[in-house]
Amino acid sequence: MKQLSDLLEEAARQDAPPLRHTVDDVVIAGKRRTTRRNFGWASVAAVAVAAAIGVPQLLIPRAPEPVPLLVAPATTTSAPSAAAAPKAAYSFKGYAAGRLRVADPTGWRLADQNAEIRRGATTVGTLTVYNGGVDPRRVYRDGTVTTTDPVGGHPAVLIVPKDGEAADAMLAWEYGRGAWATVAMLEPNAERDARQVAEAFRSSPAYDVTIPLRAGTVPPGYQIMSVTVGGGEATVLVAPAAAVRLMLLDPDRRYPSAKFGNAFSGLVFELHPRTTGFLKPTGSKVVCETYENATNGQPCAKLAADGRYVVEAHGPATSKRADAIAMLGGVTVADPADPSTWYPLDKAFPASAQPYRD
Numbered sequence: 005m006k007q008l009s010d011l012l013e014e015a016a017r018q019d020a021p022p023l024r025h026t027v028d029d030v031v032i033a034g035k036r037r038t039t040r041r042n043f044g045w046a047s048v049a050a051v052a053v054a055a056a057i058g059v060p061q062l063l064i065p066r067a068p069e070p071v072p073l074l075v076a077p078a079t080t081t082s083a084p085s086a087a088a089a090p091k092a093a094y095s096f097k098g099y100a101a102g103r104l105r106v107a108d109p110t111g112w113r114l115a116d117q118n119a120e121i122r123r124g125a126t127t128v129g130t131l132t133v134y135n136g137g138v139d140p141r142r143v144y145r146d147g148t149v150t151t152t153d154p155v156g157g158h159p160a161v162l163i164v165p166k167d168g169e170a171a172d173a174m175l176a177w178e179y180g181r182g183a184w185a186t187v188a189m190l191e192p193n194a195e196r197d198a199r200q201v202a203e204a205f206r207s208s209p210a211y212d213v214t215i216p217l218r219a220g221t222v223p224p225g226y227q228i229m230s231v232t233v234g235g236g237e238a239t240v241l242v243a244p245a246a247a248v249r250l251m252l253l254d255p256d257r258r259y260p261s262a263k264f265g266n267a268f269s270g271l272v273f274e275l276h277p278r279t280t281g282f283l284k285p286t287g288s289k290v291v292c293e294t295y296e297n298a299t300n301g302q303p304c305a306k307l308a309a310d311g312r313y314v315v316e317a318h319g320p321a322t323s324k325r326a327d328a329i330a331m332l333g334g335v336t337v338a339d340p341a342d343p344s345t346w347y348p349l350d351k352a353f354p355a356s357a358q359p360y361r362d
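Each residue of the sequence shown is one higher than the last, beginning at 5 in my numbering.
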C-alpha cells in the first residue's frame, strides 16, 4: 500500500492540482486516494498543494457530482474564529444527514478541516469546513462560481474547479458570517444527498485535534501545516516556518509556491500498520532508504506500538538522514485503534512547531 510520500511523488509527476491552489488541495487529493483503498471508494487526500493539506485537499481526483438547487428553511449557526482558537482545533463533530452520516473530522489544515461522508461503511463524499475567513470562492477563483439556492437561508454557490466540468461542481455555502463549507459528493445523481448534508451541518465549540503519535524532536525552522488521521494511520506535514507564516498572512491560506516551490519542501511524519509500506524495520533498529527520486528525501522508519505499527519520518531532498533518525528517536506512539489514548496536537509537537502561537 502506498504511503503519502509515494502519493505526493505520483501527484508531482502526473495529475496533481496546480500549485496555484493551497497545500490543502494536495493533502485532500491524497486522502481521497487512501480512502478509496481503505473503503473501496471509486474516487478525499494526496497532499493538496493547494483546501486541505490536503493536504485533506488531504489531498482531488475525480471531482464531485452536481449539487441540487433546492430551497432550504432558514437556520442559524455560529462561525469559528481563528483568533479565538490560537491552537489547532476542530469546530464540528460527526452527525447524521438522512441516510448518510458525516464522520468526525479526520483532517486539519491551515485552511480547513474535513470529514468523510459515509453511507454505511462506504465513503461517498467529503465535507470541508474552512477555517475562519477562508473563502472557497476565492480559493477556486480560477474556476466557475455560480449562485444557487440558499442553504438554511444562507448564501450558496456551485463551484466548478478550473478545467473541470459541470459534473465536477461542489456545493459551497456561508453557514455563518465569514464562515464557509463545501460538500463534494463522489456518487452520480447525489445532488439531494449533498444538500441534505449541508442543511444538517452545525458547528460545535472548538475541541482539540488529536493524533496517535508524539514527536519529541522537530528540526528548527519547521511548523505544522496539516494533519490527517484515520484507518489506523496518521500523517503530519511540517513545512518551513517561513512558508507557514506567509500562509497565515494569506486570507485563503494558499501555499506560497512561487517562493518555496511546492509542498515537498517540508517534513513528513507517518504512522501506519506494519503490514503496509515499503520500509520494513525489525526489532528496535531504524531502517533508512534513499529513493531514486530525490524529492522523497531521506526516509527512515522504526517499529512502534509493540511492533504492530511503523512510524516513518522523511523530508525534502535537502534534508539529512540524521534529521530523520533524530525525529524518529523522539517519537512515542499511543494506541492507533483507541482515540481516547491520543495526544492533543499542541502537546504532541514542540511549541516551536505549532502554527498558531501567541
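Positions of the beta carbon are idealized from the N, C-alpha and C atoms, including for glycine.
Here the structure is a predicted model, which means the values were calculated and not measured.
Taking one C-beta from the region 168-186 and one from the region 136-146 each time, how about it: are there three or more such pairs within less than 8 Å?
yes
When you compare only the Cα positions, how much space is there between Tyr179 and Gly334?
41 Å
For Ala100 and chain D, any beta-carbon pair shorter than 8 Å?
Of the chains in the structure shown, none is chain D; there is only one protein chain.
How far does the alpha helix (DSSP H) with Leu252 in it reach, from first residue to last?
245-253
For the region 154-162 against the region 231-240, are there 3 or more C-beta pairs whose distance is under 8 Å?
no
Please go through the same chain and pick out, in chain order, the residues whose beta-carbon is closer than 8 Å to the beta-carbon of Pro369, but skip the five residues on each side of it.
Examination of residue 369 is not possible in this model, given that the chain is present from 5 through 362 alone.
Taking just the CA atoms, how far does Gly129 sit from Tyr259?
24 Å
Buried or exposed, going by whether 16 or more other CB atoms sit within 10 Å of the CB of Ser288?
exposed
For the candidate residues Tyr99, Val337, Ala219, Pro223, whose alpha-carbon lies nearest to that of Lys324?
Pro223
Which word fits Glu120, buried or exposed, when buried means at least 16 other C-beta atoms lie within 10 angstroms of its C-beta?
buried
Arg105 in three-state terms, based on DSSP:
strand
Checking 8 Å against the spacing of the C-beta atoms, do Ala176 and Arg145 come in under that value?
no
Scan the region 125-153 and note each continuous beta strand (DSSP E) run of 3 residues or more that stays entirely inside, going in chain order.
126-134
Just confirm the distance between the C-beta atoms of Leu332 and Val315, as a whole number of angstroms; I'd bet it's less than 8 Å.
7 Å
Report buried or exposed for Arg36, applying the criterion of at least 16 other Cβ atoms within 10 angstroms of its Cβ.
Low per-residue confidence applies at Arg36: pLDDT is 38, beneath 50, and the placement is therefore not dependable enough to give any value.
Look at the alpha carbon of Asp342 and the alpha carbon of Arg312, and state the distance between them as a whole number of angstroms.
14 Å
If you compare alpha carbons, which of Ala100, Cys304, Val213, Asp339 is closest to Val201?
Ala100
Three-state secondary structure assigned by DSSP to Glu274
strand
Neighbourhood of Phe264 by C-beta distance below 6 Å, restricted to the same chain and skipping five residues each side:
Ala247
Can you tell me where the beta strand (DSSP E) holding Ser288 begins and where it ends?
No beta strand (DSSP E) holds Ser288; DSSP gives it neither H nor E.
Using a 10 Å radius around the Cβ and a threshold of 16 neighbouring Cβ atoms, would you call Gly124 buried or exposed?
exposed
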